[in-house]
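K.L.:
Protein sequence lines correspond, in order, to chains C and P.
Residues 1244 to 1434 (the working numbering) make up the first sequence, in order.
Residues 9 to 130 (the working numbering) make up the second sequence, in order.
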Amino acid sequence: MAFAPSDEPVALKILVAGGFGVGKTTLVGAISEIRPLRTEEVLSDRGVGVDDLDGVETKTTTTVAMDFGRITIREGLVVYLFGTPGQERFWFMWDELSYGALGAVVLADTRRLTDCFPSIDYFEQRGTPFIVAVNCFDGAERYEPDDVRIALDLDPDLPVLLCDVRRRASAKVVLVTLVEHALKTLTATQR
Amino acid sequence: MTRKEWLDDDAGPVVRPFALIGGRARSSGDDLDLIALITTTGANPRDRADISPEQAHILELAAETSSVADIASDLNLALGVVRVLLGDLQDQGLVRVRPPAQVAPLPSARILKEVINGLRAL
């Protein structure tokens, strides 16, 4: 494993959010070693995340498969990438995933810009540092980052960039931009 | 015929997850974060018979510190099951849990700069 016993190991968590099919898993796979993770979750008709073991007859347990990525920066310093589930019924997993996260990449598709609204709202409310990365799909019209910023009503100091999630170099720039933004946020709050 | 020939991964687990954890849905490991780091304490179990094969596997993985997510992935078990197993090991004093709150959401600037340089060098 990646941690030396003598070090004080550090694990950091970065989230990759955005609508269904926007390229979250592709981004994680472009830059990190992908690992499968199984979670068994209790789902009910009325809503999810209700942790009540009574009335089990109305509920079913389902296995939710998700992937995560791992980037070893050095021995004892590892960055984990978690894609947030795209479907609404898995919202309950967001709180758990976001806890202690260093920051989030919100992936946007200009053909379906509204899909990333819930992610942006979520991270704004939680105060999680995030950036918006516009995945440039083949055949989609190109917009400038500033157009996207205006369309999404984002703060001027919030980084917005164009990317191709299939390319490792591009995924790298996205993550570096996020960590730089998180660092800026950190130093601003400490001041 | 050996068992292997007619029981593959598609057949699902031979032992159902709830059986691995004695039918319990709760333990002290419930709230373990995905990136909480698990390390063995080096203590010996009071009774080897109390340690399931899955827990023995966890102890091997945690000998060099491993995250909850990595352990669940390595064991190919559902996260909820792994949390219960880890909670038991923690209760027995066999593993130490380092929650991410100690490093995040405010990791030091030095660590973040190291991450930025590390990512650039990938």
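Even for Gly, the Cβ is constructed at its ideal location relative to N, Cα and C.
Based on DSSP bridge pairs, tell me the residues matched to C/A1260.
P.N.:
On the first sequence, residue 1260 of chain C is found 17 positions in, with the first residue counted as 1. Paired residue(s): C/V1349.
K.L.:
By the criterion of Cβ-Cβ separation under 8 Å, what are the contact partners of P/S75 in chain C?
P.N.:
Here residue 75 of chain P refers to the residue found at position 67 when the second sequence is read from its first residue. Those are A1254, V1321, Y1323, listed as they occur along chain C.
K.L.:
Quick one: Cα of C/L1421 to Cα of C/R1354, how far?
P.N.:
Locating residue 1421 of chain C in the first sequence gives position 178, where the first residue counts as 1. Locating residue 1354 of chain C in the first sequence gives position 111, where the first residue counts as 1. Their Cα atoms are separated by approximately 23 Å.
K.L.:
Which residues share a DSSP beta bridge with C/I1374?
P.N.:
The residue given as residue 1374 of chain C occupies position 131 in the first sequence. In DSSP, C/I1374 forms a bridge with C/V1348.
K.L.:
Does P/G37 have its Cβ less than 7 Å from a Cβ in chain C?
P.N.:
Taking the second sequence and counting its residues from 1, one reaches residue 37 of chain P at position 29. So, not an interface residue.
K.L.:
Which value, in whole angstroms, describes the spacing of the CA atoms of P/V92 and C/C1379?
P.N.:
By one-based count along the second sequence, residue 92 of chain P stands at place 84. By one-based count along the first sequence, residue 1379 of chain C stands at place 136. The straight-line gap from Cα to Cα measures roughly 42 Å.
K.L.:
Would you please state the rounded distance, in angstroms, between the beta carbons of C/Y1340 and C/I1363? I believe it to be under 8 Å.
P.N.:
Within the first sequence, the letter at position 97 stands for residue 1340 of chain C. Within the first sequence, the letter at position 120 stands for residue 1363 of chain C. Going by the sequence as given, residue 1340 of chain C is Leu instead of Tyr. Contact flag wrong, Cβ pair sits at about 16 Å.
K.L.:
Do you know offhand how far C/R1369's Cα is from C/K1256's?
P.N.:
Locating residue 1369 of chain C in the first sequence gives position 126, counting from the first residue. Locating residue 1256 of chain C in the first sequence gives position 13, counting from the first residue. So the two alpha carbons sit approximately 15 Å from each other.
K.L.:
Could you check whether P/V76 and P/A44 sit closer than 7 Å to each other, using their CB atoms as the reference points?
P.N.:
In the second sequence, counting from the first residue as 1, residue 44 of chain P sits at position 36. In the second sequence, counting from the first residue as 1, residue 76 of chain P sits at position 68. The answer is yes: Cβ separation under 7 Å.
K.L.:
Under 7 Å, do C/G1264 and C/L1350 count as touching if we go by C-beta distance?
P.N.:
Residue 1264 of chain C sits at position 21 when you count from the first residue of the first sequence. Residue 1350 of chain C sits at position 107 when you count from the first residue of the first sequence. No, they are not a contact pair.
K.L.:
Hey, out of C/A1414, C/A1425, C/L1405, C/I1314, whose CA is closest to C/E1384's CA?
P.N.:
Position 141 of the first sequence, counted from the start, is the residue given in the question as residue 1384 of chain C. Considering only alpha carbons, the answer is C/L1405.
K.L.:
Taking CB distances under 7 Å as the criterion, tell me whether P/S81 reaches chain C.
P.N.:
Walking along the second sequence from the start, residue 81 of chain P turns up at place 73. Yes, contact with chain C.
K.L.:
When you compare the CB positions of C/L1280 and P/A80, do they come within less than 7 Å of one another, or not?
P.N.:
Within the first sequence, residue 1280 of chain C is the residue found at index 37, counting from 1. Within the second sequence, residue 80 of chain P is the residue found at index 72, counting from 1. Their beta carbons are under 7 Å apart, which means C/L1280 touches P/A80 by this criterion.
K.L.:
From C/P1252, C/T1269, C/E1251, pick the residue whose C-alpha is nearest to that of C/R1410; which is it?
P.N.:
Along the first sequence, read from residue 1 onward, the residue named residue 1410 of chain C stands at position 167. Residue C/T1269 is the option with its Cα nearest to C/R1410.
K.L.:
Identify, in the order they occur along the chain, each residue of the same chain with its Cβ nearer than 7 Å to the Cβ of C/A1254, setting aside the five sequence neighbours on each side.
P.N.:
Taking the first sequence and counting its residues from 1, the one referred to as residue 1254 of chain C is at position 11. The answer, listed in chain order, is V1321, Y1323.
K.L.:
So, with DSSP's three-state summary, where would you put C/Y1342?
P.N.:
As a first step, residue 1342 of chain C is located in the first sequence; it is residue number 99 there, counting from the start. Note: C/Y1342 maps to coil in three-state DSSP.
K.L.:
Starting from C/R1411, trace the alpha helix (DSSP H) both ways and give me its first and last residue.
P.N.:
If you number the first sequence from 1, residue 1411 of chain C lands on position 168. Residues 1411-1433.
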